[in-house]
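If you use mature numbering (1 follows the signal peptide of the UniProt record, and there is no 0), the sequence shown corresponds to residues -21 to -1, 1 to 617, in order.
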Amino acid sequence: MIKKITLAFLLCFSVSQLTKAQTFLTEGFEGAVFPPTGWTSFIGTNGIGTTNDWVQATAPNTGIYAAASQYENVTGGIAEDWLVTSQIDLTSATNTELLFYSTQSYSSDYGSTYHVKVSTASQTTHADFTTIATYDESNVGSGYELKNIDLSAYDGMMIYIAFVHYNDDGDNWIIDDVSVRSPYSIDAKIEGTSLSRYSLISADNQISIDVNNNGSSTITSLDISWNDGTTDNSSTITTSIAPGETVTIDHPTMVNYSAIVEKNIDLTISAVNGLTDEDPTNNNDLKDFNTVSQSGTKAVFIEEATGTWCGWCPRGAVGLDYMTSTYPNTVIGVAVHNSDPMEVAAYDDGIGQYISGYPSGVIDRKYEDVNPAQANLQSAYDALNTEIVPVDLSIGATQNGSDLTITANANFYTNFGNANFRFGIIITEDGVTGTGDGTNIVGNDYDQQNYYSGGANGVMGGYENYTDPVPATQMVYNHVGRALIGGFDGQENSVPASITDGLSASYDFNYTIPSTINQANMHIVLVLIDAADGTVVGASQSTVAEALSVEEVAGIDSIKLYPNPATDKLNIAFQAGNGDYNISITDMLGRTVINNNYEGLFGTQNIELPVSQLNPGHYIMKINDGISSYSAKFVITK
């Protein structure tokens, strides 16, 4: 009997040892030194690459930094850059695996390959390394993808791991969050959660959870709950997730509230395969959620990182021009220049946190480091244009000579107990020209470097018909970011922390228009930034002339448009002074589509306008008392 008990105990002990997780290497590239201490980097043996281009990059999967093998302009061969870990001790390891996040940026036209290699002998001798995984531009990652590589063949050994970028003339390979470990047997990990940030009242909202099998056993069921602080919504979900695989799971209970609420939704995996997860530290996620009384007007905000020195940057200019001309009412674009005469240093520094190379696009500061080709910007627009937004923004202004006082206005449609919103103002200019000397030295002039010249790199909005560089005499730059007022992250304390449905907030910014800017070509861009995560909640754009005409009428208080969006009727509720009023509706091309006069109005008003005859789109309602006027945007849907 004693022997049997001992044997049973040993068996249990053996199983627990097999499932015990160990981490032998973890690196997120967040340190002050690059390569990290103990790591090394160098060029390959082919003799073509002139420098090693592994650098610490500001395009992370998590944290602030990642590691990137940047493109290298070479001719006549294949560049080759190596990044090698410190020595990893696997002498006590079992079932070891390598995990890292991978993505590619810049261009996908150059046939780059990406190898992961292992050496048991040397950190720097190329011939000692064996390739254990190969990627190309089709599978290196579209956005960050988790790569999982079996290292069990090296259990019991001392090893080095190399990340090798071949043919880096044209793109970047970016890696982050590298780890070498022995996994738990049962370990589900929430990698992300999708839930609309804002919703209309009484609308169903799907919670989708990206669950990664971080263990060594197949996951067949999950107990997942979401809790709003009052009610726990739990469900057992049957699934099949292989080790290393990530699957998106829809929770069967929708998020739906019949009143205006502000909620913090807590997602939890409470059991895996009916058992306790061996690592509960990665089983939670939190999502903020608000219902709104109506949706504000959505405009997609695109920032294009560019420079006259950048030969690929015509791609971004063509993409941004397409989006702003195709969607003039729902896209706002800014060209953020780098190292050329149009650079605004603070703006260039700010956008640099979101990109790893040029050209690049940042959309609503939610989608980062996007290749700004037309198709990619269109895809981002399609994903974001239907978002519910909790605010309407408008811009007013007064002018004294060249001094402009810009008033940022926000009308909120939900409640926030402790918000951290900030107004920011960006001045842009169209039709910018300058001089050049044909050399296109970085920061020197307005000549535009053009790698599409001659059509060898495809059609690019006519740039294929221009020389390289395009002479400044033939270049006109649009959407140029000229000034950043309130800072890249917005003006602190410009919006109240406590917000209720119907609250109107405003803040004044001062700007002196330089003599070098053509006021007729200026636009004022207003953004509302959520300082909690840096994303743009809403955006609005106005010419100076339009902003100067938007001045709140004395005697008109508490204006509200509803429903917004509207289909058949638009109600305009306000407190009127004793007088005559004109209410007009104009489309976004400035054409008047409704124009009504009302005499002798006083006190509470609720004017109902039939709008069923209007085409779907964005419109401006203006109330005028003969002295000044108030305007607001609204949307018609069918």
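Heads up, the beta-carbon is just placed ideally off N, CA and C, and yes, glycines get one too. Source: prediction; values computed, not measured.
Beta-carbon gap between residue i and residue j smaller than 8 Å
i, j, result
"Ile138", "Ser98", "yes"
"Thr247", "Ser204", "yes"
"Leu69", "Tyr133", "yes"
"Thr209", "Ile239", "no"
"Ala451", "Asp426", "yes"
"Ile342", "Val504", "no"
"Gln102", "Thr19", "yes"
"Gly286", "Asp328", "no"
"Asn191", "Thr225", "yes"
"Val515", "Arg344", "yes"
"Ile367", "Ser175", "yes"
"Ala167", "Asp256", "yes"
"Val279", "Gln353", "no"
"Ile374", "Ala462", "no"
"Asp566", "Tyr598", "yes"
"Ile180", "Tyr236", "yes"
"Trp33", "Leu62", "yes"
"residue 622", "Lys277", "The question about residue 622 has no answer, for the chain in this structure spans -21 to 617."
"Met321", "Tyr456", "yes"
"residue 619", "Ala398", "Examination of residue 619 is not possible in this model, given that the chain is present from -21 through 617 alone."
"Tyr306", "Tyr346", "no"
Option in the options with minimal Cα separation from residue i
i, options, result
"Val313", "Asn212, Ala518, Asn472", "Ala518"
"His94", "Ile140, Ile281, Phe467", "Ile140"
"Leu299", "Ala451, Glu283, Thr414, Gln83", "Glu283"
"Thr2", "Gly440, Val370, Ile67", "Ile67"
"Gly290", "Ser473, Ile538, Val459, Asn436", "Asn436"
"His316", "Ser304, Ile188, Tyr301, Ile334", "Ile334"
"Pro338", "Gly460, Arg294, Thr305", "Arg294"
"Asn146", "Ala106, Phe395, Ile22, Ile169", "Ile22"
"Gly223", "Ile551, Asn193, Ser381", "Asn193"
"Phe400", "Tyr44, Gly513, Pro448", "Gly513"
"Thr199", "Asn252, Ser178, Asn206", "Asn252"
"Ile492", "Gly135, Thr377, Gln185, Leu254", "Thr377"
Residue i versus residue j - alpha carbon distance
i, j, result
"Leu125", "Thr82", "9 Å"
"Ala325", "Asn243", "34 Å"
"Gly171", "Asn576", "54 Å"
"Glu59", "Gln273", "55 Å"
"Asp604", "Ala526", "18 Å"
"Ser71", "Ile228", "36 Å"
"His230", "Leu201", "11 Å"
"Leu130", "Phe8", "22 Å"
"Asn355", "Gln554", "46 Å"
"Ala221", "Tyr392", "44 Å"
"Trp152", "Asp348", "13 Å"
"Ile385", "Asp189", "43 Å"
"Gly370", "Ser173", "In the sequence under discussion, the amino acid at residue 370 is Val, which differs from the Gly named in the question. Answer to the nearest angstrom: the Cα atoms are 21 Å apart."
"Ser(-6)", "Tyr80", "Residue placement at Ser(-6) is flagged as unreliable, the pLDDT there being 37, under the threshold of 50; the coordinate-derived value follows with that caveat. For Ser(-6) and Tyr80, the distance between alpha carbons rounds to 29 Å."
"Ser65", "Thr104", "14 Å"
"Asp258", "Ile165", "8 Å"
"Val614", "Asp559", "26 Å"
"Ile602", "Phe13", "60 Å"
"Asp107", "Ala100", "6 Å"
"Gly28", "Thr109", "Confidence at Gly28 is low in this model, with a pLDDT of 46, below 50, so its placement is unreliable and the value that follows should be read with caution. Going by the C-alpha atoms only, they are around 21 Å apart."
"Ala552", "Val572", "20 Å"
Burial state of residue i, where buried means 16 or more other Cβ atoms lie within 10 Å
i, result
"Arg570", "exposed"
"Asp536", "Low confidence applies to Asp536: its pLDDT is 48, below 50, so where it sits in the model is not reliable enough to give any reading."
"Glu587", "exposed"
"Ala533", "Reliability of the predicted coordinates at Ala533 is poor, the pLDDT of 37 falling under 50, and no value is obtained from them."
"Gly410", "exposed"
"Thr113", "exposed"
"Glu116", "buried"
"Gln428", "buried"
"Lys508", "The residue you asked about is not Lys; residue 508 is Ile in the sequence shown. Classification for Ile508: buried."
"Pro15", "buried"
"Asn585", "exposed"
"Ala11", "exposed"
"Ile43", "exposed"
Residue i at chain B interface by Cβ criterion, 8 Å
i, result
"Pro351", "Protein chain content of the structure displayed is limited to a single chain, and chain B is not contained in it."
Let me know the beta strand (DSSP E) ranges lying completely inside the region 471 to 552, each 3 residues or longer, listed in chain order.
-> 483 to 491, 501 to 509, 514 to 522, 536 to 541
Give, in chain order, every unbroken run of the beta strand (DSSP E) that is at least 3 residues long and sits entirely within the region 409 to 467.
-> 459 to 464
In chain order, which alpha helix (DSSP H) runs of at least 4 residues are fully inside the region 289 to 322?
-> 293 to 305
What beta strand (DSSP E) runs, 3 residues minimum, are completely inside the region 56 to 133?
-> 59 to 63, 76 to 85, 92 to 98, 109 to 115, 124 to 129
Start-end ranges of the beta strand (DSSP E) lying completely within the region 180 to 205, minimum 3 residues = 187 to 192
Only counting runs of 3 or more residues, tell me where the beta strand (DSSP E) segments fall wholly within the region 214 to 247, in order along the chain.
-> 225 to 229
Could you name each continuous alpha helix (DSSP H) segment of 4 residues or more that falls completely within the region 342 to 406, going from the start of the chain to the end?
-> 353 to 363
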